[in-house]
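Working notes for the structure below.
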Amino acid sequence: MWGILTADRNPFYRLWRGDLPLSGVFWLLGIVLRFILWGGTYALLFRYSSAFLMSGYGYYLLVGWGIALLLIEFVLNVAIWRSASRYPGRKVVGKAAKYVVVVLTLMAISNNYIFVARLKNLSLTRQEVGALNSALPVMLDDTMRLDSVVVRRGVIIFNYTLTGTGPATADLAAVTRTIRCKPENLGLLDAFRASSSIYKNEHGQIVAAYSIARADCNEP
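Each residue of the sequence shown is one higher than the one before, starting from 0 at the first, in numbering that gives the first Met the number 0.
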């Protein structure tokens, strides 16, 4: 079994040992593959990750992917370094590749710091959403009740019911902006692409719906 894993024909073992050509390892794996991995990771973390918040396993999938990414980064850097050491051509090329490995390692450290910070933010946000729902429904005043908070496709949605006469529809936009842009609520806006507020009457009919992004709170 071990002989098969370490056979010269095994591409993964040859990659780890530095036997593969430097050009392919450097450009295809070190640059192109790394770009794809981190591009997808950033898209997942900052655009689609909030969709994982309400699932019981999504957060742990993100943690697992972060660990796997660390291992991939380590293997790629070792492979490039060893291939550079065995490069048969001009020595300056091998040395340049090693310098790039150092830069890529520093970038990986920075990227993983961002990854961990984002995961921590997502964890806190998930707890906040869960805490909100555990206390709902709740009357906010004599005319408005907050029924539930849900997350869909990176948007956090607040479902309200207007009781009695309720505020005028024209006033709901101002009310929504005031509530969502409070300093204590900005953390939720930072974690999601947008925040939507849906207002229904006592018969379940939608009266108004408004969406606010983090940038909207910066406008005067």
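Just so you know, even glycine gets a beta-carbon here, dropped at the ideal spot from N, CA and C.
In this text, all values refer to a predicted model and were calculated from it rather than measured experimentally.
Check whether the Cβ atoms of residue i and residue j sit closer than 9 Å, and answer yes or no.
| i | j | result |
| --- | --- | --- |
| G17 | S82 | yes |
| I79 | V24 | yes |
| R192 | V154 | yes |
| Y198 | T160 | yes |
| E72 | T104 | yes |
| T142 | G129 | no |
| T40 | L19 | no |
| V99 | G29 | yes |
| L44 | R117 | yes |
Short of 8 Å in beta carbon distance, which residues of its chain neighbour residue i, apart from the five on each side in sequence? Order them along the chain.
| i | result |
| --- | --- |
| V74 | L14, W15 |
| V137 | R144, L145 |
| N200 | T160, L161, G165, V206 |
| L135 | L145, D146, S147, V148 |
So, at 6 Å on beta carbons, what are the nonlocal neighbours of residue i in its own chain, with the 5 sequence-adjacent residues on each side left out?
| i | result |
| --- | --- |
| C180 | C216 |
| S195 | V154, I156, S210 |
Which value, in whole angstroms, describes the spacing of the CA atoms of residue i and residue j?
| i | j | result |
| --- | --- | --- |
| V92 | G63 | 36 Å |
| R33 | L131 | 39 Å |
| H202 | D170 | 20 Å |
| P10 | R85 | 16 Å |
| P87 | E218 | 59 Å |
Assuming residue i and residue j form a contact by the criterion Cβ under 8 Å, report the distance between their Cβ atoms to the nearest whole angstrom.
| i | j | result |
| --- | --- | --- |
| A96 | L21 | 6 Å |
| Y58 | S122 | 7 Å |
What are the residues that DSSP puts in a beta bridge with residue i?
| i | result |
| --- | --- |
| V148 | F157 |
| S235 | Since the displayed the chain opens at 0 and closes at 219, residue 235 lies outside it and no answer follows. |
Between which residues of its own chain and residue i is the CB-CB distance below 7 Å, once the five residues before and five after are set aside?
| i | result |
| --- | --- |
| K94 | none |
| S133 | none |
| N110 | W37 |
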